[in-house]
Amino acid sequence: MIWMTWRQHRKQALFTVIGLTVLAALMVPTGLAMRNTMASTGLDECVRLALDSEKCNTASRQFSNEYSSLAFVGILFVILPLLIGLFWGAPLVAREVEHGTHRLVWTQGVSRRQWALVKVGFVGGATVAAAVVYGLGLSWWMTPLSHAGLSSRFSVLLFDMQGLVPVGYTFFAVALGIFAGAIWPKVLPAMAFTLVGFVGIRVALTVLARPNYLPASTRTYPVFGLASAPERDKYDWILAVGVRNPDGTLVVPNGTVECNQVVEGPGAPCGSEFGIEAGAYNWQLYQPAGRFWLFQGIETGIFVALAAVLLVLAVRAIRRIA
Amino acid sequence: MDIVVETDRLGKRYGRTWALQECSLHLPAGRVAALVGPNGAGKSTLLHLAVGLLRPDAGTVRVFDSAPYDNTTVLAEIGFVAQDTPLYRDFTAAELITMGAKLNRRWDAALARRRLAQLGIPPDRAVGTLSGGQRAQVALALALAKRPRLLLLDEPVARLDPLARREFLQSLMGSVAESGTTVLLSSHLLADLERVCDYLIVLHASRVQLAGGVDELVAEHKQLVGPRHGNDPVAGVAAVLRASHTDRQSTLLVRTNANIDDPRWTVHEVTLEDLILAYLAEGETQSSHEAWGVPA
Amino acid sequence: MIEFVLDGRSKVNTYMQLVQQVKQALRVGLLEPGDQLPKVRDVALALAINPNTVLKAYRELEIEGLAEGRPGVGTFVKRSLAGASLPNQAKLREDLVVWLHQAQAAGLTPEDITALMETTMRATLAENAVSGRPP
Numbered sequence: 012m013i014w015m016t017w018r019q020h021r022k023q024a025l026f027t028v029i030g031l032t033v034l035a036a037l038m039v040p041t042g043l044a045m046r047n048t049m050a051s052t053g054l055d056e057c058v059r060l061a062l063d064s065e066k067c068n069t070a071s072r073q074f075s076n077e078y079s080s081l082a083f084v085g086i087l088f089v090i091l092p093l094l095i096g097l098f099w100g101a102p103l104v105a106r107e108v109e110h111g112t113h114r115l116v117w118t119q120g121v122s123r124r125q126w127a128l129v130k131v132g133f134v135g136g137a138t139v140a141a142a143v144v145y146g147l148g149l150s151w152w153m154t155p156l157s158h159a160g161l162s163s164r165f166s167v168l169l170f171d172m173q174g175l176v177p178v179g180y181t182f183f184a185v186a187l188g189i190f191a192g193a194i195w196p197k198v199l200p201a202m203a204f205t206l207v208g209f210v211g212i213r214v215a216l217t218v219l220a221r222p223n224y225l226p227a228s229t230r231t232y233p234v235f236g237l238a239s240a241p242e243r244d245k246y247d248w249i250l251a252v253g254v255r256n257p258d259g260t261l262v263v264p265n266g267t268v269e270c271n272q273v274v275e276g277p278g279a280p281c282g283s284e285f286g287i288e289a290g291a292y293n294w295q296l297y298q299p300a301g302r303f304w305l306f307q308g309i310e311t312g313i314f315v316a317l318a319a320v321l322l323v324l325a326v327r328a329i330r331r332i333a
Numbered sequence: 039m040d041i042v043v044e045t046d047r048l049g050k051r052y053g054r055t056w057a058l059q060e061c062s063l064h065l066p067a068g069r070v071a072a073l074v075g076p077n078g079a080g081k082s083t084l085l086h087l088a089v090g091l092l093r094p095d096a097g098t099v100r101v102f103d104s105a106p107y108d109n110t111t112v113l114a115e116i117g118f119v120a121q122d123t124p125l126y127r128d129f130t131a132a133e134l135i136t137m138g139a140k141l142n143r144r145w146d147a148a149l150a151r152r153r154l155a156q157l158g159i160p161p162d163r164a165v166g167t168l169s170g171g172q173r174a175q176v177a178l179a180l181a182l183a184k185r186p187r188l189l190l191l192d193e194p195v196a197r198l199d200p201l202a203r204r205e206f207l208q209s210l211m212g213s214v215a216e217s218g219t220t221v222l223l224s225s226h227l228l229a230d231l232e233r234v235c236d237y238l239i240v241l242h243a244s245r246v247q248l249a250g251g252v253d254e255l256v257a258e259h260k261q262l263v264g265p266r267h268g269n270d271p272v273a274g275v276a277a278v279l280r281a282s283h284t285d286r287q288s289t290l291l292v293r294t295n296a297n298i299d300d301p302r303w304t305v306h307e308v309t310l311e312d313l314i315l316a317y318l319a320e321g322e323t324q325s326s327h328e329a330w331g332v333p334a
Numbered sequence: 018m019i020e021f022v023l024d025g026r027s028k029v030n031t032y033m034q035l036v037q038q039v040k041q042a043l044r045v046g047l048l049e050p051g052d053q054l055p056k057v058r059d060v061a062l063a064l065a066i067n068p069n070t071v072l073k074a075y076r077e078l079e080i081e082g083l084a085e086g087r088p089g090v091g092t093f094v095k096r097s098l099a100g101a102s103l104p105n106q107a108k109l110r111e112d113l114v115v116w117l118h119q120a121q122a123a124g125l126t127p128e129d130i131t132a133l134m135e136t137t138m139r140a141t142l143a144e145n146a147v148s149g150r151p152p
């Protein structure tokens with residue numbers, strides 16, 4: 012059965028390895044170049060010691076001028092799990108049924124359950140291995156970019172590209188593809204189902220669920236007075252900001268107001284055009300940067316659990332195909 | 039006599055449509071049985087139930103006295119060639135034989151190689167590039183390499199040209215002679231069947247119309263030609279399958295249960311083909327009347 | 018060894034055709050006692066027919082005492098049908114030729130001759146069968 016699985020998928024495996032190699036050939040040199048730049052401009056020093064000097068700011072600007080566009084290359088990796096789900100998962104059962112070969116292989120001396128377990132094990136294992144490689148690889152690649160402070164690695168696309176979650180997404184995409192192929196055993200509809208299902212669940216979880224994995228923290232500081240924004244980690248994931256009056260009503264959504272004068276005095280008081288009253292405060296809802304790996308774990312766990320459910324359903328569906 | 043396949047009120051449903059129902063029959067060992075019926079009559083469904091690809095929705099099917107669904111012990115005794123002889127098209131014939139060896143406990147690779155060598159089928163070309171006849175032969179060789187006690191073939195020759203069809207049946211009959219395997223093959227082509235089969239199962243509209251040994255069936259059916267016939271019974275006739283009348287004469291296709299001694303009737307023998315067509319036509323009117331909700 | 022052929026349009030059963038061909042071969046001396054009949058597998062393979070049909074034909078020949086099966090070896094001819102008739106055939110043929118010329122002279126077409134032969138043959142041989150004389 013293992014020989015059989017390898018023989019059937021070796022071409023696919025070869026293409027996947029070639030694809031990943033090409034990506035590596037692209038990513039490794041740029042990753043090294045970014046590190047070189049950081050070292051030569053002294054930016055890594057700034058980051059490590061959290062310095063805030065003119066020199067550091069220049070270095071940071073220079074770095075972002077040079078590399079900020081590269082961050083978009085990483086978006087490619089957001090769709091990589093989907094591609095693996097489409098081309099590894101969906102055809103796994105669907106192609107057999109479409110070609111009728113399931114009737115050949117399921118009438119040999121191996122039970123369907125065993126067939127399914129070996130197939131899913133092999134394909135699932137291979138894709139997870141690939142996902143671990145590119146997930147970790149991409150984390151390495153992204154480190155300079157996030158260190159340079161270009162964006163929080165908590166921000167939507169950056170979070171999705173690195174760390175553990177690519178493994179969860181890939182596993183889920185493959186499981187969804189296998190499941191789609193088992194309940195709708197035609198390659199193209201199974202692929203379409205996988206595409207729609209994957210994008211739908213990913214978007215839904217990212218938008219609706221992820222900000223609420225843990226109760227968000229709140230930070231407040233007064234609008235008036237010279238005491239400005241408190242010290243904060245620039246990698247925090249800010250969910251919402253605004254200005255609230257002392258009674259709690261939101262007067263400035265999506266904005267921050269800082270006034271260094273008091274309300275009394277000549278002229279219009281600072282912020283009165285927004286309806287800000289005395290005692291108003293700035294308000295932020297955020298997930299602290301320290302929760303990055305926790306959130307990665309939660310999201311990966313959700314997708315792995317979904318994948319497991321789909322695989323169980325797929326194996327059951329396989330037993331009903333004839 | 040040993041019974042290889044036995045079904046009792048077997049039924050299979052897809053959604054609300056019954057693909058097979060009330061199917062009770064038995065196939066004795068050592069026979070070459072034809073499963074005959076138009077497309078969609080339930081032939082493939084019956085074969086898939088027998089090879090354990092499908093689970094019955096009603097009744098039972100037993101092969102070598104075990105339920106075949108998801109049963110690898112029974113599966114080891116069954117060689118199956120599915121409709122359109124599906125094969126992994128990018129595998130070579132030699133690789134397919136290796137595959138069989140990996141997937142089966144009992145596997146006679148030498149037998150398969152010998153057969154394919156005799157037929158001149160190249161071992162190192164992807165089977166997708168072979169002709170339909172050659173692919174069918176590869177599929178048959180794979181089924182036979184299991185050394186099965188029962189061989190199930192789903193429309194094995196339907197898509198083949200006459201020469202390939204002939205060659206396929208030759209190899210099949212040659213190997214049946216060697217191994218004594220029981221065979222159940224479905225077909226909607228009636229030619230060739232008379233030579234190849236000695237047992238007949240006629241399916242129509244998901245029901246069994248007729249089942250039995252070919253010689254016995256042919257012997258007990260007769261065509262009678264005689265004077266214009268009303269509905270009065272003829273001695274020795276168990277059932278009238280088909281009747282056509284002119285103003286003076288009646289021609290009846292009948293199933294007999296005794297000799298027809300009535301001198302008014304001339305008795306003609308029937309061929310297997312006449313017989314099958316008569317039963318298929320009867321099934322046709324039956325199901326049509328059922329569909330229209332009027333008595334037949 | 019003989020080779021079987023099948024007449025696809027014949028109404029005669031496949032197994033009967035095989036029996037008749039063996040008998041024909043025995044009559045004309047193509048097969049003699051001790052000769053082996055083709056192996057069941059070879060016949061099934063060559064003609065694409067059910068091996069049970071071949072077995073049935075051979076069993077029929079055994080019942081008629083014309084052949085015998087030797088387990089594991091094959092089926093062999095036991096008795097000939099050529100018998101005494103073979104040497105006589107030349108003489109009979111000569112007589113028939115003379116008679117045919119007479120019939121032609123009498124104005125019979127080939128179809129007339131065949132019809133006359135068949136009806137006479139059926140009547141005469143049926144008589145023999147009833148009176149129990151050997152054919």
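Residue numbers (this note's numbering), protein chains in the order written: chain A, 12 to 333; chain B, 39 to 334; chain C, 18 to 152. Using N, Cα and C, we set each Cβ at its ideal position, and we do this for glycine too.
Neighbouring residues, chain C, relative to B:M211 (Cβ below 7 angstroms)
By 1-based counting over the second sequence, the position of residue 211 of chain B is 173. Ordered by position in chain C, the residues that pass the 7 angstroms Cβ test against B:M211 are A61, L62, A65, I66, N67 and P68.
Span of the beta strand (DSSP E) around B:H226:
As a working note, residue 226 of chain B is residue 188 in the second sequence. Run containing B:H226: none; DSSP gives neither H nor E here.
Please name the residue, chosen from A:Y246, A:V134, A:V167 and A:Q173, that lies closest to A:V58 on a Cα-to-Cα basis.
In the first sequence, the residue the question calls residue 58 of chain A occupies position 47. Of the candidates A:Y246, A:V134, A:V167 and A:Q173, the one whose C-alpha sits nearest the C-alpha of A:V58 is A:Y246.
Ignore the nearest five residues each way along the sequence and tell me which others in A:A328's own chain have a CB closer than 6 angstroms to its CB.
Sequence index remark: in the first sequence, residue 328 of chain A carries index 317 (1-based). If we look at A:A328 and ignore the five residues flanking it on each side, its Cβ neighbours are A193 and I194.
Beta-ladder partner(s) of B:D335, from DSSP:
As shown, chain B starts at 39 and ends at 334. That puts residue 335 of chain B outside it, with no answer to give.
Pull up the CB-CB distance for B:L113 and B:S224, whole angstroms please, since I reckon it's below 8 angstroms.
The residue given as residue 113 of chain B occupies position 75 in the second sequence. The residue given as residue 224 of chain B occupies position 186 in the second sequence. Wrong, their Cβ atoms sit about 19 angstroms apart, outside the cutoff.
Pull up the CB-CB distance for B:L65 and B:T309, whole angstroms please, since I reckon it's below 8 angstroms.
On the second sequence, residue 65 of chain B is found 27 positions in, with the first residue counted as 1. On the second sequence, residue 309 of chain B is found 271 positions in, with the first residue counted as 1. Not confirmed; about 23 angstroms, so no contact.
Mind checking which residues open and close the beta strand (DSSP E) that includes C:N67?
Indexing the third sequence from 1 puts residue 67 of chain C at position 50. Bounds of any beta strand (DSSP E) do not take in C:N67, whose DSSP letter is neither H nor E.
Mapping DSSP to helix, strand and coil, what is B:D230?
Residue numbering aside, residue 230 of chain B sits at position 192 when the second sequence is read from its first letter. Look at B:D230 here: in three-state DSSP terms it is coil, with no helix or strand label.
Just checking: is the beta-carbon of C:V57 within a distance shorter than 8 angstroms of some beta-carbon in chain B?
On the third sequence, residue 57 of chain C is found 40 positions in, with the first residue counted as 1. Using a CB distance cut-off of 8 angstroms, C:V57 counts as an interface residue toward chain B.
Just checking: is the beta-carbon of B:L207 within a distance shorter than 8 angstroms of some beta-carbon in chain C?
By one-based count along the second sequence, residue 207 of chain B stands at place 169. Yes, B:L207 lies at the interface with chain C (some Cβ there is under 8 angstroms from its Cβ).
Alpha helix (DSSP H) segment containing A:I189, residue limits:
For this step, residue 189 of chain A is matched to residue 178 along the first sequence. Judged by DSSP secondary structure, A:I189 falls within the alpha helix (DSSP H) whose first and last residues are V176 to I194.
Inter-residue CB distance, A:F133 and A:T16 (contact presumed, cutoff 8 angstroms):
The sequence position of residue 133 of chain A within the first sequence is 122, counting from 1. The sequence position of residue 16 of chain A within the first sequence is 5, counting from 1. Rounded, the Cβ-Cβ distance is 5 angstroms, consistent with contact.
Could you spell out where the beta strand (DSSP E) holding B:C61 opens and where it closes?
To locate residue 61 of chain B, count along the second sequence from 1; it is residue 23. Residues T55 to P66.
Neighbour-count burial assignment, B:H283, 16 or more Cβ in a 10 Å radius
If you number the second sequence from 1, residue 283 of chain B lands on position 245. By the beta-carbon neighbour count (other beta carbons within 10 angstroms, threshold 16), B:H283 is exposed.
Output needed in chain order: residues of the stretch 223-251 of chain B with a Cβ under 9 angstroms from some Cβ in chain C.
Within the stretch 223-251 of chain B, the residues whose Cβ lies closer than 9 angstroms to some Cβ of chain C are A229, D230, E232, R233, V234, C235 and D236, listed in chain order.
Straight-line gap, A:P200 to A:A105 (C-alpha atoms, nearest Å)
Start at 1 with the first residue of the first sequence, and residue 200 of chain A comes out as number 189. Start at 1 with the first residue of the first sequence, and residue 105 of chain A comes out as number 94. If you take the alpha carbons of A:P200 and A:A105, they lie about 9 angstroms apart.
List the residues of chain E that C:T31 touches, going by C-beta distances under 8 angstroms, in chain order.
Structure shown: chain E not included; protein chains present are A, B and C.
Given 8 angstroms, three or more beta-carbon pairs between the stretch 277-297 of chain B and the stretch 20-38 of chain C
Touching, no, given that fewer than three Cβ pairs across the two stretches are closer than 8 angstroms.
Starting from the beta carbon of B:V70, find every residue of chain C whose beta carbon is closer than 9 angstroms, and list them in chain order.
Counting from one through the second sequence, the residue named residue 70 of chain B turns up at place 32. In chain order: N67, P68 and N69.
Answer yes or no: does any C-beta atom of chain B fall closer than 8 angstroms to that of A:T118?
The residue labelled residue 118 of chain A in the question sits at position 107 within the first sequence. In terms of beta-carbon proximity, A:T118 lines the interface with chain B, with at least one pair separated by less than 8 angstroms.
According to DSSP, is A:V33 part of a helix, a strand, or is it coil?
For this step, residue 33 of chain A is matched to residue 22 along the first sequence. Residue state, collapsed to three classes: helix.
Beta-ladder partner(s) of A:N293, from DSSP:
Position 282 of the first sequence, counting from 1, holds the residue named residue 293 of chain A. DSSP output for A:N293 lists A:Y232 and A:V254 as bridge partner(s).
Indicate whether A:G85 and A:M172 have their beta-carbon atoms separated by less than 8 angstroms.
Working through the first sequence from its first residue, we reach residue 85 of chain A at position 74. Working through the first sequence from its first residue, we reach residue 172 of chain A at position 161. Yes.
If you measure from the beta carbon of B:A215 to each beta carbon in chain C, is any gap under 8 angstroms?
Taking the first residue of the second sequence as position 1, residue 215 of chain B is located at position 177. True, the Cβ-Cβ gap to chain C drops below 8 angstroms.
Rounded straight-line distance, which links the Cα of B:L315 to that of C:A65
Along the third sequence, read from residue 1 onward, the residue named residue 65 of chain C stands at position 48. Along the second sequence, read from residue 1 onward, the residue named residue 315 of chain B stands at position 277. If I take the Cα positions, the gap works out to 23 angstroms.
Quick check on the burial criterion: 16 or more other C-beta atoms within 10 angstroms. Buried or exposed for C:M18?
In the third sequence, counting from the first residue as 1, residue 18 of chain C sits at position 1. Flag for C:M18 reads exposed.
Of the choices C:A63, C:E49 and C:S27, whose alpha-carbon is the least far from that of C:L84?
In the third sequence, the residue the question calls residue 84 of chain C occupies position 67. Per the sequence presented here, residue 84 of chain C reads as Ala, with Leu not at that position. For the residues C:A63, C:E49 and C:S27, the minimum Cα distance to C:A84 belongs to C:E49.
Could you check where the alpha helix (DSSP H) with C:K40 kicks off and where it finishes?
Counted from its first residue, the third sequence places residue 40 of chain C at position 23. For C:K40, the uninterrupted alpha helix (DSSP H) segment begins and ends at T31 to R44.
Where the stretch 121-135 of chain A meets chain B: residues whose CB sits under 7 angstroms from a CB there
Against chain B - using a Cβ distance shorter than 7 angstroms - the residues of the stretch 121-135 of chain A are V121, S122 and R123.
Under a three-way DSSP split, which group does A:V268 fall into?
Here the question's residue 268 of chain A lines up with position 257 in the first sequence. Coil at A:V268, not helix or strand.
Coil, strand or helix - B:L262 by DSSP:
Working through the second sequence from its first residue, we reach residue 262 of chain B at position 224. Strand.
Are the beta-carbon atoms of A:N293 and A:T311 separated by less than 8 angstroms?
Taking the first residue of the first sequence as position 1, residue 293 of chain A is located at position 282. Taking the first residue of the first sequence as position 1, residue 311 of chain A is located at position 300. No; because the gap between Cβ atoms is not below 8 angstroms, this pair is not in contact.
Please check the pair A:L225 and A:G208, which I expect to be a contact at CB under 8 angstroms, by giving their CB distance rounded to whole angstroms.
Along the first sequence, one-based indexing puts residue 225 of chain A at 214. Along the first sequence, one-based indexing puts residue 208 of chain A at 197. Actually they do not touch by this definition, with Cβ atoms about 27 angstroms apart.
Measure the beta-carbon distance from A:L296 to A:A220 and round it to whole angstroms, keeping in mind my assumption that it falls under 8 angstroms.
As a position in the first sequence, residue 296 of chain A is number 285, starting the count at 1. As a position in the first sequence, residue 220 of chain A is number 209, starting the count at 1. Wrong, their Cβ atoms sit about 16 angstroms apart, outside the cutoff.
Residues in the stretch 146-174 of chain B with C-beta within 9 angstroms of chain C's C-beta atoms, listed in sequence order?
From the stretch 146-174 of chain B, no residue has a Cβ closer than 9 angstroms to chain C.
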